[in-house]
Every structure is written in structure tokens, then in C-alpha cells.
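Enquirer: According to our numbering, the residues represented by the sequence shown are 5 to 71, in order. Don't be surprised by glycine CBs; every beta carbon is placed ideally from N, CA and C.
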Amino acid sequence: MSTFYLEKLLDKETNKFRISVVSALRARVINEKENDDKKSYAKVAMQALEEVLNNKVKYVESKKKSK
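1. Could you work out which residue in 61, 66, 16, 14 is closest to residue 28 when comparing CA atoms only?
2. Could you check the C-alpha separation between residue 22 and residue 37 for me, to the nearest Å?
3. What residue from 68, 64, 53 has the CA that sits closest to residue 13's CA?
4. Output needed for residue 51: all residues of its chain with C-beta closer than 7 Å, excluding positions within five of it in sequence on either side, in chain order.
5. Within its chain, find whatever has a CB closer than 6 Å to the CB of residue 56; leave out the 5 residues flanking it on each side and keep chain order.
6. Measuring alpha carbon to alpha carbon, tell me which residue in 59, 68, 30 is nearest residue 45.
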């Protein structure tokens, strides 16, 4: 498993919460697609973080409706 540095992500995105949510959602998608028992969740999470770092994952921020 490769070493992953949070500073690299923070250069691209300043919101740590957004990084964690986007990469967790991506990891869930990867895990559902592959559905391989041999692959551990830690490897899937690292793959998702690397995709976020390399801008392979796009996200759109939704705007909440105000009352």
C-alpha cells in the first residue's frame, strides 16, 4: 500500500470534510462494482483517495433550498 499525504489533497481542496465524503462515496462505488472478497476496504479507500487527488472524480455541490 502506498503512503498517502493529506497535504497533497489539501493543495487541491481546502475542505477536509468534502475530501472525506467524496472519497468515501467513491470507495463505496468501487466496492460495489468490483464486489471481490479478496480486496480489502483499506485498498479501496486508498484507490478512492488517489482518484480524488488526481482529479479523476468530479463532484457537484448541491445548493440547499431556503424556506
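Expert: Working from what's here:
1. Measuring from the Cα of residue 28, the nearest candidate turns out to be 61.
2. Taking the Cα positions, residue 22 is about 23 Å away from residue 37.
3. When only C-alpha atoms are compared, the closest one is 53.
4. Taken in chain order, the residues that qualify are 34.
5. Result list for residue 56: 26, 27, in chain order.
6. Ranking 59, 68, 30 by Cα distance to residue 45 puts 30 first.
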